[in-house]
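Here's the structure, in structure tokens; my notes come after.
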Amino acid sequence: ISIEKSELVSNELTKAGIKHNVLNAKFHANEAAIVAQAGYPAAVTIATNMAGRGTDIVLGGSWQAEVAALENPTAEQIEKIKAGWPFAVRSLISSMIA
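Residue numbers 1 to 98, in full-length UniProt numbering, belong to the letters of the sequence shown in order.
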């Protein structure tokens, strides 16, 4: 969809009270963060055909993004997040199939 249409859809979602992100090549600085969050359960992301080209959205989100969101993560925190990630992704995929 075009940038204009993505913004129209965004406005309608906002009116409906649906939290979402828009990936439309207008805000390059935010693109990586939006893509990292796009795979989380219940995440709504509107993307144009030009935004994020060549980008893979990982179901379940990204353990790296979860670590990056922490302020000064310890090695123990990082390992805990990494260790739990396969279970979180399997759970998400199972819920989609059921």
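Glycine included, C-beta positions come from ideal geometry on N, C-alpha and C.
DSSP has I46 in a bridge; who is on the other side?
Note: I46 sits in a beta bridge opposite V22.
Taking 8 Å as the limit between beta carbons, can you name the residues of its chain near Q37, skipping five residues before and five after?
Result list for Q37: N21, A43, T45, G61, A65, in chain order.
Would DSSP call S2 helix, strand or coil?
Looking at S2 - three-state DSSP - the assignment turns out to be coil, as it is neither helix nor strand.
By DSSP, does N72 sit in helix, in strand, or in coil?
When secondary structure is reduced to three states using DSSP, N72 falls in the coil class, being assigned neither helix nor strand.
With a threshold of 7 Å on Cβ separation, who are the neighbours of E71 within its own chain once the five nearest residues in sequence on each side are excluded?
Taken in chain order, the list of residues that qualify is empty.
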